[in-house]
Structures are given as structure tokens and as C-alpha cells.
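Participant: Here the protein sequences come in this chain order: Y and G. Start counting the first sequence at 68; every next residue gets the next number (my numbering). Start counting the second sequence at 189; every next residue gets the next number (my numbering). So that we are looking at the same thing, I have put the structure below in C-alpha cells.
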Amino acid sequence: MSKVVGIDLGTTNSLVAYVRDGVPEVIRDASGDGLVPSVVSLGEDGTFFVGREAQRRLLTAPSRTVYSVKRFMGRGIDDVHDEAALLPFQVAGEPGGVVRIGIGDRQFTPPEISAFVLRELKQRAEEHFRDRGEFDFEVDRAVITVPAYFDDAQRTATRDAGRLAGLEVLRIVNEPTAASLAYGLDRRDRGIIAVYDLGGGTFDISILKVEDGVFQVLATNGDTHLGGDDVDRLLMEMVLADVPPLRPAETIQAVRKAVIQAKWDLSEADEAEIHVEPSSALPGGIRRRISRGEFEQMIAPLVERTMQPVRQALTDAGLAPAEIDEVVLVGGSTRIPMVRRVVAELFARTPHSELNPNEVVALGAAVQADILVSGRREMLLLDVTPLSLGIETLGGVTSKIILRNSTIPASGREMFTTGVDNQTSVDVHVLQGERELAADCRSLARFRLRGIPPMPAGLPRIEVRFQIDANGILSVSASELRTAVAQAIEVKPSYGLTDEEVERMLIDSFEHARADFDARLLIDARNEAETVIHATEKSLRRPDFTAIAASELKPGEPARIEAALADLKLVMGGTDREAIADRMHALNHTTQRLAEVLMNRTVREALAGRNVNEV
Amino acid sequence: MTPDPIPVNPVSTLECRTCGAGAPVDEHFCPQCSRILALGRHGDYFSFFGLPRKLRVDAADLEQRFRDLSRKFHPDYYYNAGPTERLASLERSSYLNDAYRTLRNQALRIEHLLAIEGLPAAKSEVGTALVPPSLLEEVFALNEELDEIREAREAGGEPGELRARLERARTPIDVKRDEHERRVDALCATWDRQIDTGDTAIQKRVTLESLREQLFERKYIDNLLAAIDREAASLGARAG
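What follows is the structure, encoded as C-alpha cells:
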């Protein structure tokens, strides 16, 4: 059987993990890196770059390089106007329709961009299984995580992205819940857990009760537009205030990179420097010191914004902070000391952060994937729907059908009738949110119930059934009870893609697949070659290299290595992947003896440092 | 024991969609082929949990049953099953979740009992001008006091002082609520005893009617307390 993986599709970075022999592990590249930056770039020649490759192009091709696309999943252009202003790439779309991202003369929906990242993760996993010599290395099914507070449109967009990437999405799992699964592996005892998840673009709080291996979410809350990105934006606004208003995209990216570095530094040090190299648009460059005190004062309102959802979730769960047994921190932004401090103060206990906060969600997704395919029953996740589901009734008022924090799967029914004699259709507007007025809630979809048998007004009894599945995704069915006629439903998602649109995109992506595949092989060849070049140069630069060469290598060998290295570097810039592969193998072959010598020395040195009895 | 004359559930058996065997309505799995059964038109949350229709529920026991049934029904465990079983799992899980949410909350539990015993609480009663007679005096006094506090707040009155007034206005309502809860508890105990001793339908009906009245009163009290909370929030917001 093909493999099923767990994927954390993050705002900033994405990861893929897999359970082997009951233990979840992150699948890493050759250099041990588990993170794939959620960045996609389109070259002038039509080549796509994903992950680290694309990240490098943030500075060189900012207008063709897309990041933080998760913030646009399942959103309309009206939702994202404010933040689009600070982005170097083009964000557009028809009013009332989904966001479209323009690169050059091509347009992409957010699920299409996310699909590139998912394909990269899928390939990474497949390579990993192939390298291990596994016969079944194909990955065509996955569990993908989303913020707990994602609404129906955002979840559906994530599932569409999976489909576009050639993955059957077995389950959409909430990130904090996935994290708790990863933590709960070896601790099956009972207790109440709070998971505080502050990532790149989203904030979630979930309160869970764990007993007998059942992880039951009691309440969840959050903000799908609050995270590390906002911290970066505050820092950028501060820095850019001193910069002349004419700023090319390159400058914005350079500043963004510099403030992110300073933010990271401030997690360790009391002071950091925001440093931007001089450029034509910014001849003086930027050098600005920022203290942790200054930084904390700046981000305090953001941290405070996480407290309101936390309090609401506690209220909904009917618990006081003191009743929480354990607190778990998830997401890169929980590395900020102020965030840790505030959370610790609220719950009056030290939060858990033993597992890498960047990896814990992917690990949990892998655990859930394993539960689904293995049929193991010792653990069970019972999640909730984060937002109430309702319909618009007379006067534009919301009538709630499934309340927020209801355990899913959940269902609800509502009766409809006609207002005019012989009326054969009824329009239904489905909403998600807590507000009283329909206009203040999120519009999910409009349905038209058709084929109602002609009857006097008010006589038909049409039962509409709303079903939220274990993914938190809604489906609707209807039937007229007097005649038992099932109703046809026409679905118009407010901020999503219709099935036809997804199908068309799939066909488009197959047409592009050939070119994408070639480009991909070239990138792989370059990456591999770069690793070999790097390793060779490192050996040549060793202070003891001359001595080693003299005593252990054949005469002329160092020169041959230098030559092979130069040969490879020569073809690196080109697009002939065969040439790159050939010369890389040549270099590998030439350095074989040197590699063995160095390896033996390393082993000897390591052993020499130890007592004989220890060996 | 006298047989219950109130219609309970029109469906008395289920048909297994996998093997075609018949099963009692409260079975979850087919006695013949042991596959999960489609839900059908189940309507009684108590019997779904295997519980008698009693109003005093042991919360820990109910939770344990919920967890046990979740482990049997959850869609997670039916990924490799056929579409019939997958649909049945989805329906049963949804129904279980609705049933658990209803039964663990006393007011919802009473409402559900009334519905399946043929006395549904009319939805439109809530929020109408009809005040339960037992609350007339308190409602009158509270509304007057709330109006005065609101006026004083809008005229710029001292929030601390107004909050204290609000607290005093709340006290009689809290007292009413406590009395109400004791009455409901006593009625629940009566009902449960009647189930055990097999009282006549008429006697049970009297208890149910009283419970319905209490439910109405409860909603009214909750609305009053919500009005006080809203005013308190307005005061707090101004002070902050």
C-alpha cells in the first residue's frame, strides 16, 4: 500500500512527517533540514521554484515570489486589502470572489500556490522512502493540518490544494489538536490541556480533556490573522518610516529579511541590530539597534490580542485558568520570551515546549494519519467546530443551527417552506460566525432548493440537513417531507472554488507538468551538486589539508580534485542537467579517497578523546 | 406496570443495509453481521445511550458511555470500510455528539424528555411579554432599577457606585434562581421515582407539566441575569 503522511502546511514553513514503527518523525532533506519554506516563485522562463530555492528569490525576484499565501486561503479580495499593500507581489481578484495572485502574465488562486508547496513535500517524502529502498514509496494520501479557527471556506481551500497536488486528503486536522496528539503519545493519563499556538500567520487556543486516550476538545478560539507576520510588519513599519517613500519591492524584501533576523536575535539577546546593506534604492543602507524592551513595548498589543480568545475559550469550556493541568506551546512565535512569560503568568505554570514548536504539528498529523490507516483504536481525537453555523432568516438575522464548540461530526436540521403559491424553489444563505446580523457573519455559500412540488404557499415542508464532518467541512442535503422528494441543491461557495474549477485546474496542471518536471530535475541536480561542491571546498580549506595530502594522497590527486571542482562549477549556471550530473559524479569519484581518509581521521580523533573502557 | 400510552418512537426495528437482517432500534451494530447500523429515525437520546428516561444523570457515567460509543462509531475507524458503513459511522457519530451535548446539560435534558414524552416546549414563549406569575414582583423591581442605572450611567454617574447598585439589584434574582433550581431538582427526583415505581400516566403527566413550567421560568430568569450582565459590561467598558 502507498504511504500516508502528515503535513503541516504553514504560513511561513511547511513540513511532512511519517510514523515508522509507532514513532512519528519529520522527513528531512539531505542536510537535515525538515522545513520547506512556504514560498513559490515563477522564473521568467516559466520554471517554478519552491521552498528554499524560492526563498532565495525573495530578494532577487520579489514581484514573482509568493509567500504567506495561507493568509489568502478561502478569502475574498475585500478581506485582505490592508495587508496586500505591504506585499511585493500582486494580489487581486473580483469583488466578492476569491483572491487571485498575479505573477507576470499568469494568475493563480491560493490553493494552486499551496499545491506547489504540497507537491514539494510529497516529492520529498517519496524520495525519502525510495532512498530507504522501500518498494512502495508512492505518497498519494495525506492528513493536512489547519488552524483550529479556520472557517469552512479556508478548510475547503486547503483540501482543494491537496487535490491539486495529487493528494487525497484523508483528514483536515486542527493544528493545536495535532500538537496535543504528538505530546500525548507517551502520556495517557487524564488531565486538562491548553494548547497555545502562535504561528506565522494564525493564532489558536484549544482546551482539551484527555482521558483513556480520548483527546476531547472542549473549546477552541483564535484569530486567523494574527501571528509572526504581524510582528514582522510592525518592525518593518518602524524601519520603513525612516526610508523615502519610493520603495522598490527589493527594498521591502531586504528590510523584511533584516527585521526577521532581528526578531530571532531578540529571543536570545537583550538587544539586536536591524541591518540592511546599501543598495541603489537605499544608498545609505539601514543600521538600527532595537532593545528587547523596545520590542516588547511594540508587540505588547499583539500579545494582548491573543488573551481575548484564550479567555473566551476558557469561559466556553467552563474552566478557570487554575484548572488547566498542562499548557503546551506551539508555533515559531512562541519562541518570543514575552509570549512565554504572558502565557506562564496567565496559567500560573510553566508551559511545555520539549518538542520543537516548529515540528510538533506535523508530528501530530503523522500520528493521525497512522490512526486512520492502521485502525489502531488506543487513541481518538474528538474535535469541535470553531464557529457557529447558521442561515440567514427574515430581516437579515442569523439563525444558528450548529453552535460553536460542538463536537464534530455534528448535524443540524432546519425546516423551510414557501412564501408564494406554487413556488418551486427556495434560496438559502449559509453563514458562519457568532454575530446576530447575517451581514456581520462569514458568508459560506448560497443554496437554491429546486424541484419543490407546486403547492399552496406554506404547505411544503422542506427539511434541510446540515452535516459537518470530522474535517469541519459542511455538506447540505434537503428533502420535501410531504412528498418525500429529494431536492436538488445548487451550491455557490462564496469564497471557494467549484468542483468544476478544481477539475479544470487539475487538467491545466497536467499540461504544465512536463515542463515543471524537467525544471524540477534541474533544481535537484543543482542542489545535489551544490552539496558536493560545498563539502569538497570545506575539505580543501582545512588547515591540515597540505599535511594530509602529502602523507595520504597520491601525487597529483589534489590537483585533479581542484580540476574536477572547477569543471562542475563551470556547468552549474547552465540548464544542462545531464552535464551537471556527470561532472558531479566525476568530482565525487575523484574525492573518494580524500573522503575516506578524512572519515578515518574523524573516527580516530573521536575515539582518542575517550577512555579505553568506554569504547 | 402500566404500559406507557404516550407514543414513543414510530420505528421499532432497523434493517441492516449490509446483510438485510432486522435489529432493535437501540442496537448500534447488526446482531447478524456485526456491521455498524444506519441510524434510521432515532429520536430518544436516553435509549441511545442505553439509559432509562431519568432526569438525574451521573455525569461521570454518561461521559464514560460517550467515550465508549465514540470509540465504536467514529469515522476515523471506518476509512477502509465501504460507503454504507462510512455513512452510518458519520450519522451515528453526529447523533451521539448531539445526544451527549443535550443529556449532560440539565435544562436541555428536561427539554428533550418533554419532547419525546409528547410535550415539546413552544419556542416562541421565550422573550414574550408573558412573565411567569412567580416572578412578577422581582421583574417589575429589576426593570425599574435597570432603567434608573442606565439613565444614571448615560448622565455620567460614578461607575463604582452604579456597579454596587447593580449587584444589589441582582441579589433577589439570584435568590429566585436558587429557589428555582431546588424546585427543579425536586421535580426531577419525583419523575425518576415515578419511573421506578411505574406511576400512572396521569401522575407522570402532572410532573412533566410542572417541569415544562419550570423550564419556561428558567429561561426567563436567565434572560434577566443576561440583562444585568449586559449592563455590567457597559459599566465596565466605560470605566476602562
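Yeah, the Cβ is synthetic: ideal placement off N, Cα and C, and Gly gets one too.
Assuming the contact rule is C-beta atoms closer than 8 Å, Y/Ala245 and Y/Gln364 should be a hit. Round their C-beta distance to whole Å, please.
Facilitator: Going by Cβ atoms, the distance from Y/Ala245 to Y/Gln364 rounds to 34 Å, so no, they are not a contact pair.
Participant: How would you call Y/Pro162, buried or exposed, if buried means at least 16 neighbouring beta carbons within 10 angstroms?
Facilitator: Per the 10 Å Cβ criterion, exposed.
Participant: When the cut-off is 7 Å and only beta carbons count, does Y/Thr751 lie next to chain G?
Facilitator: This structure cannot speak to residue 751 of chain Y, because chain Y is shown only from 68 to 682.
Participant: If you compare alpha carbons, which of Y/Val310, Y/Pro453 and Y/Arg119 is closest to Y/Ala384?
Facilitator: Of the listed residues, the one whose Cα sits closest to Y/Ala384 is Y/Pro453.
Participant: Restricting to Cα atoms, I'd like to know which of Y/Glu445, Y/Leu632 and Y/Ile260 is closest to Y/Pro388.
Facilitator: It is Y/Ile260 whose Cα lies nearest to the Cα of Y/Pro388.
Participant: Would Y/Leu102 pass as an interface residue toward chain G - the criterion being a Cβ-Cβ separation below 7 Å?
Facilitator: It does not; no Cβ of chain G falls within 7 Å.
Participant: Mind listing which residues of the segment 240 to 266 of chain G have their C-beta closer than 7 Å to chain Y's C-betas, in chain order?
Facilitator: Hits within the stretch, in order: Arg255, Ser258, Arg259, His262, Pro263, Asp264 and Tyr265.
Participant: Can you tell me where the beta strand (DSSP E) with Y/Glu691 in it begins and where it stops?
Facilitator: The structure shown does not extend to residue 691 of chain Y, since chain Y spans only 68 to 682, so no value can be given for it.
Participant: State the DSSP-derived secondary structure class of G/Asn293, mapped to helix, strand or coil.
Facilitator: Of the three classes helix, strand and coil, the one that applies to G/Asn293 here is coil, per DSSP.
Participant: Please list the terminal residues of the continuous alpha helix (DSSP H) segment that includes G/Pro347.
Facilitator: Element bounds for G/Pro347: Pro347 to Thr385.
Participant: Could you say if the segment 204 to 222 of chain Y and the segment 287 to 297 of chain Y meet the contact criterion of at least three C-beta pairs nearer than 8 Å?
Facilitator: Yes, since at least three Cβ pairs between the segment 204 to 222 of chain Y and the segment 287 to 297 of chain Y fall closer than 8 Å, the two stretches touch.
Participant: In the DSSP assignment, find the unbroken alpha helix (DSSP H) run with G/Lys260 in it and report its ends.
Facilitator: Looking at the DSSP string, the run of the alpha helix (DSSP H) that includes G/Lys260 is Ala247 to Phe261.
Participant: Quick one: residues in its chain with C-beta nearer than 6 Å to the C-beta of Y/Gly479, no 5 flanking neighbours on either side, listed in chain order?
Facilitator: The residues are Ile468, Ile469 and Phe533.
Participant: So with CB distances below 8 Å, who are the chain Y contacts of G/Asp167?
Facilitator: For residue 167 of chain G there is no data in the structure shown, the boundaries of chain G being 189 and 428.
Participant: Do Y/Pro155 and Y/Pro129 have their C-beta atoms within less than 7 Å of each other?
Facilitator: Yes; because the gap between Cβ atoms is below 7 Å, this pair is in contact.
Participant: Would you kindly report the start and end of the unbroken beta strand (DSSP E) that includes Y/Glu92?
Facilitator: Val90 to Val93 is the extent of the beta strand (DSSP E) around Y/Glu92.
Participant: Decide if Y/Val107 is buried, meaning its Cβ has at least 16 other Cβ atoms within 10 Å, or exposed.
Facilitator: Result: buried.
Participant: Pick helix, strand or coil for Y/Lys70, following the three-state DSSP scheme.
Facilitator: If DSSP states are grouped into helix, strand and coil, Y/Lys70 belongs with the strands.
Participant: Name the chain Y residues that come within less than 9 Å of G/Arg289, Cβ to Cβ?
Facilitator: Correct list: Leu470, Ser473, Thr474 and Ala477.
Participant: Report the three-state DSSP secondary structure of G/Lys242 (helix, strand or coil).
Facilitator: Coil at G/Lys242, not helix or strand.
Participant: Helix or strand or just coil, what does DSSP make of Y/Ile590?
Facilitator: DSSP places Y/Ile590 in helix when its eight states are reduced to three.
Participant: Residues of the segment 197 to 228 of chain G with a CB closer than 8 Å to any CB of chain Y: list them in chain order, please.
Facilitator: Listed by position along the chain: nothing, the set is empty.
Participant: Should Y/Asp450 go down as buried or exposed, given a rule of 16 or more other Cβ atoms within 10 Å for buried?
Facilitator: Label assigned to Y/Asp450: buried.
Participant: Skipping 5 residues on each side, what residues in its chain have a beta carbon closer than 8 Å to that of Y/Ala683?
Facilitator: Because residue 683 of chain Y is not part of the residues shown, which for chain Y are 68 to 682, the question remains open.
Participant: Between which two residues does the alpha helix (DSSP H) carrying Y/His656 extend?
Facilitator: Taken as a continuous stretch (DSSP letters only), the alpha helix (DSSP H) holding Y/His656 covers Arg644 to Thr657.
Participant: Would you mind telling me which residues of chain G sit closer than 9 Å to Y/Ala537, beta carbon to beta carbon, in chain order?
Facilitator: In chain order: His262, Pro263, Asp264, Leu278 and Ser281.
Participant: How many Å lie between G/Glu401 and Y/Phe414 at the Cα?
Facilitator: Going by the C-alpha atoms only, they are around 42 Å apart.
Participant: Identify, in the order they occur along the chain, each residue of the same chain with its Cβ nearer than 7 Å to the Cβ of G/Leu243, setting aside the five sequence neighbours on each side.
Facilitator: Arg297, Ile298, Leu301, Cys376, Trp379 and Asp380, listed in sequence order.
Participant: Residues in the same chain with beta-carbon distance under 8 Å from Y/Lys636, minus the five sequence neighbours each way, listed in chain order, please.
Facilitator: Only Ile600 meet the Cβ criterion.
Participant: Assuming Y/Lys467 is part of the beta strand (DSSP E), what are its boundary residues?
Facilitator: Per DSSP, Y/Lys467 belongs to the beta strand (DSSP E) from Val464 to Ile469.
Participant: For the segment 414 to 442 of chain Y, which residues have a beta carbon sitting closer than 9 Å to at least one beta carbon of chain G?
Facilitator: The segment 414 to 442 of chain Y vs chain G, Cβ under 9 Å: Gln435, Ile438, Leu439, Val440 and Gly442.
Participant: Have a look at Y/Glu547 and Y/Val464 and give me their C-alpha separation to the nearest angstrom.
Facilitator: Spanning the two alpha carbons is a distance of roughly 24 Å.
Participant: Less than 8 Å between the CB atoms is what I'm expecting for Y/Val210 and Y/Gly73, so what's the real figure, rounded?
Facilitator: The pair is a contact, with the Cβ atoms about 5 Å apart (cut-off 8 Å).
Participant: Determine the direct distance from the alpha carbon of Y/Ile628 to that of Y/Glu344, and round the result to whole angstroms.
Facilitator: Approximately 35 Å between the Cα atoms of the pair.
Participant: If you draw a straight line from the C-alpha of Y/Arg95 to the C-alpha of Y/Val71, how long is it?
Facilitator: Going from the Cα of Y/Arg95 to the Cα of Y/Val71 covers about 16 Å.
Participant: From the DSSP output, read off the bridge partner residues of Y/Ala159.
Facilitator: Y/Arg167, per the DSSP bridge assignment.
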